[in-house]
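For the sequence shown, my numbering begins at 391 and goes up steadily by one.
All C-beta atoms in this analysis are idealised placements derived from N, C-alpha and C, irrespective of residue type, glycine included.
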Amino acid sequence: MSITGKKTADAAHRGAKTVAGLPPRERLVQAASRLFYYEGVRAVGVERLISEAGVTKVTFYRHFASKDDLVVAYLLTKDAYYKEVAEPLAAGHPPAEAIDLIFEAIAEHARERGFRGSPFMNAAAEYPDATHPVRGLVTSHRDWIRTLFQELLTRLGHADAQSAAGALLMLYDGAMAAGYLDDSTAAHKTLLNAVRLIRSGG
C-alpha cells in the first residue's frame with residue numbers, strides 16, 4: 391500500500407477480511423484516509439464515512455466527537471508514516487546522503503499512482519482558520535520537517551542551517567505540488583539538483 395492509503399484491486403480483495411476484522415476506530419480511520427485524500431475533507435460527510443467503515447452512527451460518535459476529530463486522526467497516521475520513512479534515513483546515513491535520500495523518497499512518493507499531493511497541504515486548504523486543530527497538526531508536521539532538515543544541515547556544517555532548512559522545506563512543499571501538477575519524472579532531476587545546491591551552500 392502507498393502512503394495515500396490506495397490499494398490495487400487485488401490487494402483490496404485480499405485485504406477485505408483483514409479490514410473487516412479491524413476494530414471500529416481503525417476502520418473509520420482507514421475509510422477517512424482513503425476518502426479524505428482522494429475526494430477532499432469537506433466533500434465527505436459522516437454518513438458516507440459510517441457506511442464505508444461498516445459501523446453505526448453511535449459507534450462513530452463513541453470514538454470521534456466530530457468529523458474534525460477524525461480528520462486529525464487521519465493526519466496523525468500520515469504524520470507517523472512520513473516519520474517512519476524519514477527518521478531512519480536521517481539516523482542511518484551521513485547528513486548529505488540522508489538529505490538526498492529523503493528527497494529521493496519524496497520524489498518516488500510523487501510518482502505513485504493516484505498521488506494527489508501532500509495530505510497536509512490539501513487539508514490546510516480546507517481549513518482557513520489558523521487556530522483550528524487541523525491547522526495546528528499541519529503546522530506541527532511542517533515544524534518537524536524543518537527541524538529534521540536543520541539538524542542534518544547542522545551536522546553537515548552548513549554555514550546557515552536555519553535558512554537552508556527553510557529553503558528545503560519550501561522545496562518539499564513544491565515537490566509535493568509538482569508531483570501532482572507536473573510531470574513527476576521531469577521534476578525529479580530539477581528537485582534533486584536544487585536540494586544539492588542548497589545543502590552545499592551554493
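- Each residue's CA atom was taken as its position, placing L479 and E498 some 15 Å apart.
- Residue state for A476 is assigned as helix, using DSSP reduced to three classes.
- A residue is called buried once 16 or more other Cβ atoms fall within 10 Å of its Cβ, and Q540 is buried on that count.
- Excluding its 5 nearest sequence neighbours in each direction, V419 has C-beta neighbours in its own chain below 8 Å: L460, A463, Y464 and T467, listed in chain order.
- DSSP, read as helix, strand or coil, puts V419 in helix.
- A Cβ-Cβ distance of about 10 Å is found for the pair I489 and A476, leaving them out of contact under the 8 Å criterion.
- Cα atoms of T580 and A549: separation of roughly 23 Å, rounded to the nearest angstrom.
- Listed in chain order, the non-local C-beta contacts of R525 below 7 Å within the same chain comprise A514, Y517 and D519, local neighbours out to five positions each way being set aside.
- If you ignore the 5 residues before and after R506, its C-beta comes within less than 8 Å of the C-beta of T394, Y427, Y428, N512 and Y570, all in its own chain and listed in chain order.
- Here the C-alpha atom of G435 lies approximately 30 Å from the C-alpha atom of G564.
- Taking C-beta separations shorter than 7 Å and ignoring five residues to either side along the sequence, the partners of E442 in its chain run A421 and L425, following chain order.
- Taking all protein chains in view, the Cβ of Y451 is surrounded by fewer than 16 other Cβ atoms within 10 Å, so the residue is classified as exposed.
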